[in-house]
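Scroll down for the structure; my scribbles are underneath it.
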Amino acid sequence: MKRLSKLDKKYEIYKKRRSRLIKTLPSDSAFILPSWPLTSYPGNIEGAYQPCSHLIYFTGWTEPHSCLVILSGPPSKCLLFVQKKDPEKELWTGPVYGPKKAKDLFQMDMCYPYKDFSQVAPSILKKTHSLYYTFGINPYWDFQIKNLIQNLNKKKNKSLSLQDPLPFIASLRMKKSKEEIQMIKKAVNISGGAHRAVMKYARPGLNERALYGKFLFEIRKRGAQKEAYPGIFASGPNACILHYTNNNRIIKEGEMVLVDAGAEYKHYASDITRTWPVNGCFSKIQKKLYTKLLKIQKDMIQMLKPGLSFNDIQKKLVELLSLFMKEEALLSSPLKEIINKKEYKKYFPHSFGHLLGLDVHDLTFSEKNRPNRQGLLHLEEGFVLTMEPGLYLPERDRTLNPELRGLGFRIEDDILITKTGAEVLSHGAPKEVEELEDLINSRKN
Ligand code: GLY
Ligand code: MN
Ligand code: MN
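Per this note's numbering, the very first residue in the sequence shown carries number 730; after that it's consecutive.
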């Protein structure tokens, strides 16, 4: 038997994933996954390409202007539409594989120039009954697929059934393999180191964007290609803006800083949030609220194990946070009302977290758990998820005691579900009060 080279082995993993997908598809189906669109700037400046995570999962393919077509058969076939070799274009944007090299290296049955799709696809898909495709992501491919459907329907004189591919992808992607877990751990470790570096670097008088720049430098220095999502570097009251990405305010003495930022390593994401005092010393009120939130976060992590549903987790977190709000007199209704009437949402409007993988918010539903029923999803060994409780007390909330206004906290860890419980992966970023104070104060001024 021919021994597989390291490179062949890498592509063998993708082939196995495609075979597993094909087994779940009805016969004569076509599963179509286009690349995501390029972001571009005015004036013919090509922007960054975020490779499509589904394409990476099933092929390792990271070029734009491409589309994977998987035919369930029998016989099954995998085809990739890619950019043609074009020395003139490659002079500007760098080399591409081209169809021939792509076919050999990525172990496809056939590769074609993507501009030939409208000519070759109708005959390749002539036996297809069901087409799995998501409209609304890439306008170029939406146009191609609409034409293809019209063309096939005309030929067959009946309508092709259009299906959602995401549940099929999700049911494979939710449980991470050993190799994927290694990659996530590396991304998380890189982020942990970068969070520590930012904590040591920060001081009153700096702009939030300087912290952001420091984080980007530190993750890249440690081997990450880029950040996994737009980083949040929120000082003082900005911590109450859940997806704050402006990152452009001078940090004041005595304030807390909330950093929600994560590295991407070999396309795998990490997602860590830490909240800490910029001057290295929690005030009495900051310490009291932070310590309580940290205890809740740790208790929540303690309960994670296979079999628990997303609904169970959210319900428990809501109970703990509502009790916290009641004890601190942030809300005055009876505890039951705070929970049942969802009054807690005033200060904790989001969910406990999400799955993590090739995407930061990784697919969280399978065929059995459609998007609107993701709460029914049960944890399994090999899932990686975040646990990220928060408490946000808006500056303009006149019902709050003045010393509380503008305080915002979130503590977010990345967690691997094991056979019997959960393993916290993001220990590299400190979260205990003393650890944080020691680290921030250890900087050389
Ligand atoms: N950074 C996005 C999130 O925590 O979900
Ligand atoms: Mn998160
Ligand atoms: Mn986050």
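Ideal Cβ placement from N, Cα and C applies to all residues, glycine included.
Taking non-hydrogen atoms of ligand 1 into account, the C-beta of E1141 is found less than 7 Å away from one of them.
Approximately 5 Å separates the beta-carbon atoms of M839 and L808; this is inside 8 Å, confirming the contact. Checking the 7 Å criterion, the Cβ of T1115 is within range of a heavy atom belonging to ligand 1. Between ligand 2 and the CB of G1082, the shortest heavy atom gap is smaller than 7 Å.
Excluding its 5 nearest sequence neighbours in each direction, E982 has C-beta neighbours in its own chain below 7 Å: P933 and N1008, listed in chain order.
Annotation: the continuous alpha helix (DSSP H) that includes M1032 extends over K1013 to M1032. Of the residues I878, I751 and Q836, the one whose Cα lies closest to the Cα of F846 is I878. Taking each of T791, P803, W790 and G776 in turn and checking the Cα distance to K752, the smallest one comes out for P803. Between the stretch 973-992 and the stretch 934-947, the count of C-beta pairs closer than 8 Å reaches three or more; the two stretches touch.
Put simply, of F1077, V798, S801 and V1113 the residue whose alpha carbon is nearest the alpha carbon of I1140 is F1077. Nearest to L1087 by alpha-carbon distance, out of G960, L971 and E909, is E909. DSSP, read as helix, strand or coil, puts G1137 in strand. Cβ contact annotation for M912 (same chain, cutoff 7 Å, sequence separation greater than five): Y994, K995 and Y997, in chain order.
For the pair P1123 and L1050, the CB atoms are not nearer than the 8 Å cut-off. Per the C-alpha coordinates, the member of K1045, S1012, L1037 and S1038 positioned closest to D1028 is K1045. Check the Cα spacing between V798 and each of K844, P828 and A850: the tightest is with A850. With a cutoff of 8 Å on beta-carbon distance, L754 and S801 are scored as near each other. Per DSSP, L891 is one residue of the beta strand (DSSP E) stretching across S890 to Q892. In this structure, D1091 has its CB at a distance of at least 7 Å from all heavy atoms of ligand 3. Under the criterion of beta carbons closer than 8 Å, F1039 and G1104 qualify as touching, at roughly 5 Å. Inside the stretch 913-962, DSSP marks whole alpha helix (DSSP H) runs of 4 or more residues at positions 937-950, from first to last along the chain. In this structure, ligand 3 has no non-hydrogen atom nearer than 7 Å to the beta-carbon of T863. Positions of the alpha helix (DSSP H) runs, each at least 4 residues long and wholly inside the stretch 761-798, are given as 782-788 in order along the chain.
Annotation: P868 to W765 spans about 9 Å, alpha carbon to alpha carbon. At the C-beta level, L1085 and L1114 come within 8 Å of one another. In this structure, V1153 lies away from I1146, with their beta-carbon atoms at least 8 Å apart. If you check the CB distance, M1116 and G1082 come in under 8 Å. Looking from the CA of Y740, the closest CA among E775, F787 and D757 belongs to F787. Burial check for F872: the Cβ neighbour count within 10 Å stays below 16, so the residue is exposed. In the same chain as L1133, and ignoring 5 residues on each side of it, the C-beta atoms closer than 6 Å to its own belong to L1122, in chain order. In this structure L987 touches G1137 by the C-beta definition: roughly 6 Å separates them, less than 8 Å. Ranked by how close their Cα comes to the Cα of R1003, the residues Q954, R925, A957 and I1042 have R925 in first place.
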